[in-house]
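Peer 1:
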Amino acid sequence: MTPDSSAVFDLAGLIDLLRLGGPVVAVLVAMSVIALAIILLKCWQYASVRVGKRRFIAPALDQWHSGDRQGAIAALTDERNPIADTLAVAMRGVNAGANVTVVREEAARVGARHLSQMRSYFRPLEVIGSLAPLLGLLGTVMGMITAFQQLANAGSQVDPSVLSNGIWEALLTTAVGLVVAIPAVAALNWCERVVERLHEDMQDTLTRFFTRHEVGGFNQAQTKAKASQTSASAQSSTAHA
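Going letter by letter, the sequence shown gives residues 33 to 273 in my numbering.
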């Protein structure tokens with residue numbers, strides 16, 4: 033079979049499917065196209081920002097806490113990952129001497145914006161996944177009603193093929209509904225898990241950054257206090273002498 037004849041065969045099969053299933057199958061086919069477009073869009077979006085990449089976090093934090101703040105910020109700026117952008121915002125704020133609480137809030141705002149972008153189009157997938165089986169069931173019920181009406185109109189001259197044809201045509205819509213719903217639900221669960229892990233790792237990274245920053249500031253304050261105390265003790269000893 034040539035590619036052209038195969039395409040014609042597939043098109044003919046789709047037309048037959050629409051003819052047998054009626055408007056319900058037409059709606060389900062449209063929903064499947066929308067679901068496929070959303071799934072491809074999410075895959076491209078996640079791949080473009082390297083949503084699963086985490087290897088840059090530890091080197092950037094070590095570089096920052098070793099004193100190379102500008103180098104750490106520059107390294108994060110080169111990354112397109114949401115965690116990198118959020119951490120870079122926190123580092124810029126701290127490096128500028130802003131209040132740590134304000135910097136935390138700004139980093140949280142930027143992180144929430146990224147997470148919202150990663151969750152875009154989840155609702156349509158959820159609707160398609162829940163609505164497609166119901167539409168398929170509706171088509172089956174309507175098809176069964178039509179089949180039994182034909183059976184009743186046949187009277188005493190009942191042809192079993194009339195009922196069997198009506199039943200399989202009616203069940204066709206349920207099958208199509210499940211075929212549409214299952215990939216949509218599976219893709220939605222995968223996307224939700226990706227965003228959930230991104231959220232967890234983003235929170236963990238920011239906590240590590242601010243904790244080490246505050247601990248470092250506390251240690252510096254203690255060192256200065258001890259130095260001042262030592263200096264004061266030395267001056268007191270000199271005065272007594």
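Here a beta-carbon is modelled for each residue, glycine too, at the ideal position from N, C-alpha and C.
No experiment lies behind these values; they were computed from the predicted model shown.
Do you know offhand how far A62's Cα is from A107's?
Peer 2: When rounded, the distance between both Cα atoms is 44 Å.
Peer 1: Which of the three DSSP states, helix, strand or coil, is assigned to V81?
Peer 2: Note: V81 maps to coil in three-state DSSP.
Peer 1: Cα separation between E224 and R151?
Peer 2: If I take the Cα positions, the gap works out to 8 Å.
Peer 1: Count the other CB atoms, across all protein chains shown, that sit within 10 Å of the CB of L230; report buried if there are 16 or more and exposed otherwise.
Peer 2: Per the 10 Å Cβ criterion, buried.
Peer 1: Which residues in the same chain have their Cβ closer than 6 Å to the Cβ of G54, if we skip the five residues on either side of it in sequence?
Peer 2: So the list is empty, once near-sequence residues are dropped.
Peer 1: In or out: W96 buried (at least 16 other Cβ within 10 Å) or exposed?
Peer 2: Buried.
Peer 1: Which class does V151 belong to by DSSP, given the choice of helix, strand or coil?
Peer 2: A small fix is needed here, since residue 151 is Arg in this sequence, not Val. Of the three classes helix, strand and coil, the one that applies to R151 here is coil, per DSSP.
Peer 1: What number of angstroms, rounded off, separates the C-alpha of W90 from the C-alpha of L60?
Peer 2: Per the sequence presented here, residue 90 reads as Ala, with Trp not at that position. Cα-Cα distance, rounded: 47 Å.
Peer 1: Whether or not the segment 204-211 and the segment 164-171 are in contact is what I'm after, with contact meaning three or more pairs of Cβ atoms, one per stretch, closer than 8 Å; do they touch?
Peer 2: As far as the Cβ criterion goes, the segment 164-171 touches the segment 204-211, which means the pair count is three or higher.
Peer 1: Tell me whether the beta-carbon of G198 lies closer than 8 Å to the beta-carbon of T172.
Peer 2: Contact: no.
Peer 1: Could you tell me whether the Cβ atoms of P156 and I71 are closer together than 8 Å?
Peer 2: No, they are not a contact pair.
Peer 1: Can you give me the C-alpha to C-alpha distance between V217 and V159, rounded to a whole angstrom?
Peer 2: If I take the Cα positions, the gap works out to 9 Å.
Peer 1: Should S276 be labelled buried (16 or more other beta-carbon atoms within 10 Å of its own) or exposed?
Peer 2: This structure leaves residue 276 out entirely; the chain is present only between 33 and 273.
Peer 1: What separation, rounded to the nearest whole angstrom, lies between the Cα atoms of A128 and E138?
Peer 2: Distance between the alpha carbons of A128 and E138 is about 13 Å.
Peer 1: Note down the Cα distance separating L183 from A202, rounded to an integer number of angstroms.
Peer 2: L183 and A202: Cα-Cα distance of roughly 14 Å.
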